[in-house]
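Reviewing the structure listed below.
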Amino acid sequence: MNLRKGLTLSAVLGLLLSATFISCEEDFTTLGSGVVGNEPFTANKAVFDVFAYNKKVGAVRTNRIPVYQIGNFNDPIYGTTEASITTQVQLSSVNPVFGKYSAEVEAKADSDSSSLTVKENETVKEVYLYIPFLVSPFADKDGEEVKDSLADGTPPSRQPKIFDLDSIFGNRDVPFRFKVERSTYFLRDLDPNSNFQEAQSYYSNQRFSPNFVSDVLFDGEVEISNKDSLEFAVDNPDTDGVDESEEEPKRTPPGIKVPLDKAFFQANILDKEGSQELFSQANFVEFFRGIHLSVPDDILLLLDLTQGYITMTYEYDSVTSSSDATIKKEEKEFLLSLIRREAQSGIISGNAVNTFINADYPTEIANAMDTGDNASKLYIKGGAGSYAQIKLFDETNGEEIINQIKDKNWIINEANLVFYVDRSTLNAAPNAIEPSVLYLYKENGGPVYNPFLESQDDIANGNITNYDGKLYKEDGKGDRYKIRITNLINDIIVRDSTNATLNLTVTSDIRVTNARKALLADDSEVNVPLMSIVNPFGTVLIGSGNVPNGQENRKLQLEIFYTKAN
């Protein structure tokens, strides 16, 4: 997922225009707000009024999301967002046995009849937390394996690969501070208010630090590398004819890898062998609670926690032969995961919450929120940001204009909403990252496009031909977003569907239409797209109210291309 570059949509636009339309002359008729005249519609393009309102989001549901944000993102328009993560930790196996023998067997080692059973004295050697960075689909920046051996003869298979790190925003050339603390907050999986029938919701405005953290497990710097790390096996002298050092190295993709406090894991994992705390996952979560992750520096990282884990390496005493009572040290690893995603269903188990602490919006933007006025500028921001509410034709249901269109027997060939970027605002914030795609959806959370009318191949490649929605540029700068709503307008005109209120926001993947609950400033609930929650970017668009002088031709309007049925 590349949030900066966005999805690469097809350059071939599906203009569902008939030959009759193409050959007709392009006159313009403006309709709406009493503009409809008594003359019959004779043009093949009509422009209708749109009413748009800025809506501020207070908090979004951020547990069990596909991508988590951590760090500080300074948006030059909207201000700073500080993101932290609180996550459960899960056992790779419940009631684990460390070493060879259970704690119960070890307790009887001095009195049983076997010389092989000894008190194993399991001791933590090292503990590491690893969370990979998001990377491009290719193995290296060119999409190919390294092909040439190095001057010293090192073959490509034993060289690091270079990755394209998709989702790190900030100065990658300097280390960033990373902090891991034990979380003392119990993240419930099920909501007791639903008689434990529904998943528990946690929102982005819930703060876990400093009140619900305790032991500091790591506090130090992390360097960003775009190369994977290689771990080479050591030759085992006991295996004749085999040189393990020549085997393919174990590769670990670029990511955060930090050592955690050994004494903490000794006391809370190894020394708990055979206890009720490790007997079940539920018991363990109740006991261990989780970890809290934070990055105080000016860098933002997007992480998939389902790929993260904690590796605890420990050694223990062992007697390998009944004829030789010599105690030897052996070594094992035990894994703990954060949250998990089922491979087939995609369902996430375990719980983790993203906290967003947003700076107050600048006065001009804050004063434009939730006024009920038809906005001259639209402020669109992902995360717990803001969105635009859109009403077509008039401020109620557009019934009068819709009936006029029906009476004229129009055949709707194409209907578009064109959102022009407010370049005066964006030019004053040259470091702003403009969203590559905007997402228009119905107030109930469903998309305005119909996926069943799209080619499955196109959808797989991120091309929603009958929707578009991508950013068009002029002279290298964002100029407009064009969103096709032809199917929606035909549903309203031909199939008598409700002219429902629409919402506009950012998205990290136009294909993902899942919605999540969000809270507005008055604590009322609305639906927002899941992929807008994980997207930190924003933009400013020309609205439909009293637009600035010289911007009249960039005002938000609904354009409909049609032919008349005889």
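Letter by letter, the sequence shown follows residues -24 to -1, 1 to 542 in mature numbering (1 follows the signal peptide of the UniProt record, and there is no 0). The beta-carbon is built from N, C-alpha and C at its ideal position, and this holds for glycine as well.
Within 7 Å, strictly: CB atoms of residue i and residue j
i, j, result
"residue 395", "residue 517", "yes"
"residue 82", "residue 289", "no"
"residue 545", "residue 268", "Since the first and last residues shown for the chain are -24 and 542, residue 545 lies out of range."
"residue 405", "residue 144", "no"
"residue 358", "residue 508", "yes"
"residue 339", "residue 265", "no"
"residue 105", "residue 275", "no"
"residue 315", "residue 282", "yes"
"residue 454", "residue 464", "no"
"residue 438", "residue 51", "no"
"residue 199", "residue 153", "no"
"residue 312", "residue 100", "no"
"residue 107", "residue 279", "yes"
"residue 400", "residue 26", "no"
"residue 204", "residue 136", "yes"
"residue 482", "residue 411", "yes"
"residue 141", "residue 202", "yes"
"residue 294", "residue 304", "yes"
"residue 271", "residue 75", "no"
"residue 420", "residue 429", "no"
"residue 458", "residue 444", "yes"
"residue 79", "residue 249", "yes"
"residue 538", "residue 378", "no"
"residue 326", "residue 66", "yes"
"residue 424", "residue 461", "yes"
"residue 476", "residue 418", "yes"
"residue 85", "residue 94", "yes"
Bridge partners - residue i, DSSP secondary structure assignment
i, result
"residue 62", "268 and 329"
"residue 283", "Bridge partners of residue 283: none, in fact."
"residue 48", "58"
"residue 208", "Residue 208 is not bridged to any residue."
"residue 294", "304"
"residue 154", "196"
"residue 27", "367"
"residue 166", "175"
"residue 32", "362"
"residue 39", "329"
"residue 72", "In DSSP, residue 72 forms no bridge with anything."
"residue 317", "324"
"residue 429", "According to DSSP, which records beta bridges pairwise, residue 429 is partnered with nothing at all."
CA nearest to the CA of residue i, picked from the options
i, options, result
"residue 151", "306, 234 and 95", "234"
"residue 259", "271, 440 and 165", "165"
"residue 478", "143, 224, 88 and 414", "414"
"residue 306", "77, 231 and 336", "77"
"residue 223", "207, 371 and 451", "207"
"residue 64", "513, 343 and 330", "330"
"residue 536", "392, 328, 437 and 245", "392"
"residue 504", "434, 461, 416 and 540", "416"
"residue 58", "344, 512, 426 and 407", "512"
"residue 180", "147, 529 and 494", "494"
"residue 227", "42, 326, 523 and 209", "209"
"residue 37", "160, 528 and 510", "510"
"residue 534", "390, 348, 131 and 297", "390"
"residue 236", "261, 255 and 195", "195"
"residue 336", "21, 498, 34 and 480", "34"
"residue 408", "23, 49 and 230", "49"
"residue 488", "440, 328, 31 and 239", "440"
"residue 29", "443, 352, 403 and 539", "352"
"residue 70", "46, 251 and 345", "251"
"residue 355", "32, 27 and 382", "32"
Endpoints, the beta strand (DSSP E) within which residue i is located
i, result
"residue 313", "304 to 313"
"residue 100", "99 to 108"
"residue 240", "Premise fails: residue 240 lies in the alpha helix (DSSP H), 238 to 244, not in any beta strand (DSSP E)."
"residue 450", "444 to 450"
"residue 536", "534 to 540"
"residue 144", "144 to 146"
"residue 546", "Here the chain covers residues -24 to 542 and nothing more, so residue 546 does not appear."
"residue 203", "Segment: none, residue 203 is in no beta strand (DSSP E) and carries neither H nor E."
"residue 227", "226 to 228"
Residue span of the alpha helix (DSSP H) that contains residue i, given as start and end
i, result
"residue 254", "No alpha helix (DSSP H) holds residue 254; DSSP gives it neither H nor E."
"residue 81", "79 to 83"
"residue 464", "462 to 469"
"residue 435", "432 to 436"
- In the stretch 479 to 529, which residue ranges form an unbroken beta strand (DSSP E) of at least 3 residues, counting only runs that do not cross its ends? 491 to 496, 501 to 505 and 514 to 518
- Item | Complete alpha helix (DSSP H) runs within the stretch 335 to 417 (minimum length 4 residues, chain order) | Every unbroken stretch of the alpha helix (DSSP H) spanning 4 or more residues and falling wholly within the stretch 335 to 417 is given here in chain order: 339 to 342, 375 to 383 and 399 to 403.
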